[in-house]
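Numbered per the working numbering, the sequence shown spans residues 2 to 273. Structure, as structure tokens:
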Amino acid sequence: MTGLLVKLFVKNHEQAQLPEVRASYGKLSGMVGIVCNILLFGVKFLLGTLTASVAITADAFNNLGDASSGIVSFFGFKMASRPADKEHPYGHARYEYLAGLTVCVLILVIGVELLKESFLKIIKPKPVAFSWVTIVVLLLAIVVKLWLAVFNRTLGKKINSQTLLATAADSRNDVIATGAVILATVLSYVTKLSLDGYMGLLVALFILYSGVNLVKETLDPILGKAADEELVTEIEKRIMSYPGVLGTHDLMIHDYGPGRQFGSVHVEVAAE
């Protein structure tokens, strides 16, 4: 399925190093994420309303947040693909980082809201209607999210995009969250205990934990994370391979977005 979508919607998909092709990969990921997550939100929200389950409703709004993330990612890649101009001589690729940061903020906001709802459900618990249809639908949702995780991870590796790899990790986290919802629903039915609010609380905390980690990963390149040691070693090795070069120092690498790294270095040569 992933290969078919790439062939259909990414022109010159084999040349992933080209900015316009990279943008097409990112936009494809965003559109697929939007469609899948909106469908999942609608189904889960309906189930959560019918069964009075805050955990299922929490999981539904998590999918809505993922759909919003897809929209942000789509436009982030679109803006990042714009060519360099007089005002921005190093291009606009950092828009991808800003899009990723916006996604992280959305995840944190949703996590806080779900945390509040879960606390209210713990304080004032309500019975949750059990249905095997609900369980089956949630299991199907897990299958969709597993595919999305693999889909985004494949595309992320293809174009070396931390944004898509983070999206893949988010989908993987959703699988865990939905699995927790299923567990709470079954345990509540078997034990007759009201576990819905507590499981909703765990889901919310998990979303917040993931959001904080994603914020850190997204902020690193924006704040100026140190260059990868392997890259530094490779650059120095290549410079030293030229005849007459005695040494190097003061290597500085600036990250202006994925595929947009610029460096400067002092090269030592003989005085004559």
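Cβ coordinates follow ideal geometry from the N, Cα and C atoms, glycine included.
By Cβ distance, which residues of its chain are closer than 8 angstroms to Ser-189, with the 5 residues on each side in sequence left out?
Translated into the one-based positions of the sequence shown, residue 189 becomes position 188. Excluding positions up to five away in sequence, the list reads Val-129, Phe-131, Ser-195, Leu-196 and Asp-197.
Answer yes or no: do Ala-85 and Tyr-96 have a C-beta to C-beta separation smaller than 8 angstroms?
Counting from 1 along the sequence shown, the entry for residue 85 is found at position 84. Counting from 1 along the sequence shown, the entry for residue 96 is found at position 95. No, the pair does not count as a contact, with Cβ atoms beyond the cut-off.
For the pair the region 12–25 and the region 134–153, tell me if three or more CB-CB distances fall below 8 angstroms.
The region 12–25 vs the region 134–153: no contact.
When DSSP labels each residue in this structure, what does Gln-16 get in the three-state scheme?
Position 15 of the sequence shown, counted from the start, is the residue given in the question as residue 16. Under the three-state reduction of DSSP, Gln-16 is assigned to coil, being neither helix nor strand.
By Cβ distance, which residues of its chain are closer than 8 angstroms to His-250, with the 5 residues on each side in sequence left out?
Walking along the sequence shown from the start, residue 250 turns up at place 249. Its chain contains Val-266, His-267 and Glu-269 as the residues whose beta carbon lies nearer than 8 angstroms to that of His-250, once the 5 sequence neighbours on both sides are disregarded; these appear in chain order.
So Val-113 and Ala-150 are in contact, right, with Cβ under 8 angstroms, and what is the actual spacing, rounded?
Working through the sequence shown from its first residue, we reach residue 113 at position 112. Working through the sequence shown from its first residue, we reach residue 150 at position 149. That belief does not hold up - the Cβ atoms of Val-113 and Ala-150 are roughly 24 angstroms apart, past 8 angstroms.
Starting from Glu-88, follow the beta strand (DSSP E) in both directions and report where the run begins and ends.
Translated into the one-based positions of the sequence shown, residue 88 becomes position 87. Where Glu-88 is concerned, there is no enclosing beta strand (DSSP E), because DSSP gives it neither an H nor an E.
Start and end of the beta strand (DSSP E) containing Glu-269?
Here the question's residue 269 lines up with position 268 in the sequence shown. Taken as a continuous stretch (DSSP letters only), the beta strand (DSSP E) holding Glu-269 covers 262–270.
Cβ-based burial, Met-2 [other Cβ within 10 Å; buried from 16]:
As a working mapping, residue 2 is identified with position 1 in the sequence shown. It counts as exposed.
Under 8 angstroms between C-beta atoms of Leu-215 and Ile-108
Working through the sequence shown from its first residue, we reach residue 215 at position 214. Working through the sequence shown from its first residue, we reach residue 108 at position 107. A Cβ-Cβ contact shorter than 8 angstroms links Leu-215 with Ile-108.
For Leu-121, which of helix, strand or coil comes out of DSSP?
Mapped onto the sequence shown, residue 121 falls at position 120. Correct three-state label for Leu-121: helix.
Please report the straight-line C-alpha distance between Asn-153 and Ile-124, rounded to a whole angstrom.
Sequence index remark: in the sequence shown, residue 153 carries index 152 (1-based). Sequence index remark: in the sequence shown, residue 124 carries index 123 (1-based). So the two alpha carbons sit approximately 39 angstroms from each other.
For Met-2, the three-state DSSP class (helix, strand or coil):
Taking the first residue of the sequence shown as 1, we reach residue 2 at position 1. Three-state DSSP puts Met-2 in coil, outside helix and strand.
Which residues in the same chain as Ala-181 place their Cβ atom closer than 7 angstroms to its Cβ, once the five residues preceding and following it in sequence are excluded?
Locating residue 181 in the sequence shown gives position 180, where the first residue counts as 1. Here the set comprises Met-200, Leu-203 and Val-204.
Does DSSP put Val-11 in a helix, in a strand, or in coil?
Translated into positions along the sequence shown, residue 11 becomes position 10. If DSSP states are grouped into helix, strand and coil, Val-11 belongs with coil.
Beta-carbon proximity of Gly-104 to Ser-70, cut-off 8 angstroms
Counted from its first residue, the sequence shown places residue 104 at position 103. Counted from its first residue, the sequence shown places residue 70 at position 69. Looking at the sequence itself, residue 104 is Val, so the reference to Gly does not match. Going by C-beta atoms, Val-104 is nearer than 8 angstroms to Ser-70.
Reference Leu-47, options Pro-222, Val-134 and Ser-162, closest by Cα:
Along the sequence shown, one-based indexing puts residue 47 at 46. Between Leu-47 and the set Pro-222, Val-134 and Ser-162, the nearest pair of CA atoms involves Val-134.
Going by alpha carbons, who is nearest to Leu-220 out of Asp-171, Val-106, Pro-126 and Ile-208?
Here residue 220 refers to the residue found at position 219 of the sequence shown. Here the closest residue by C-alpha is Val-106.
Mind checking whether Arg-239 and Tyr-91 have CB atoms under 8 angstroms apart?
Taking the first residue of the sequence shown as 1, we reach residue 239 at position 238. Taking the first residue of the sequence shown as 1, we reach residue 91 at position 90. Taking 8 angstroms as the Cβ cut-off, Arg-239 and Tyr-91 do not qualify as a contacting pair.
7 angstroms CB neighbourhood of Tyr-98 in its chain, flanking five on each side removed:
Looking up residue 98 in the sequence shown gives position 97. The residues are Thr-219, Pro-222, Ile-223 and Gly-258.
Residue burial classification, Phe-78 (beta-carbon count within 10 angstroms, cutoff 16):
Here residue 78 refers to the residue found at position 77 of the sequence shown. Result: buried.
Am I right that Ser-25 and Val-44 are in contact with their C-beta atoms under 8 angstroms? What's the rounded C-beta distance?
Start at 1 with the first residue of the sequence shown, and residue 25 comes out as number 24. Start at 1 with the first residue of the sequence shown, and residue 44 comes out as number 43. 29 angstroms between Cβ atoms; not a contact.
Looking at chain B, is there any beta carbon in it that lies within less than 8 angstroms of the beta carbon of Val-268?
Although the question refers to chain B, the structure presented lacks it and comprises just one protein chain.
Taking all protein chains shown into account, do 16 or more other C-beta atoms lie within 10 angstroms of the C-beta of Phe-263, making it buried, or fewer, making it exposed?
As a working note, residue 263 is residue 262 in the sequence shown. Flag for Phe-263 reads exposed.
Residue span of the beta strand (DSSP E) that contains Leu-247, given as start and end:
Working through the sequence shown from its first residue, we reach residue 247 at position 246. First-last of the beta strand (DSSP E) with Leu-247: 246–256.
Could you give the DSSP three-state label for Ala-53: helix, strand or coil?
As a first step, residue 53 is located in the sequence shown; it is residue number 52 there, counting from the start. Secondary structure at Ala-53: coil, using DSSP grouped into helix, strand and coil.
Mind checking whether Asn-38 and Ala-68 have CB atoms under 8 angstroms apart?
Working through the sequence shown from its first residue, we reach residue 38 at position 37. Working through the sequence shown from its first residue, we reach residue 68 at position 67. Contact flag set, yes.
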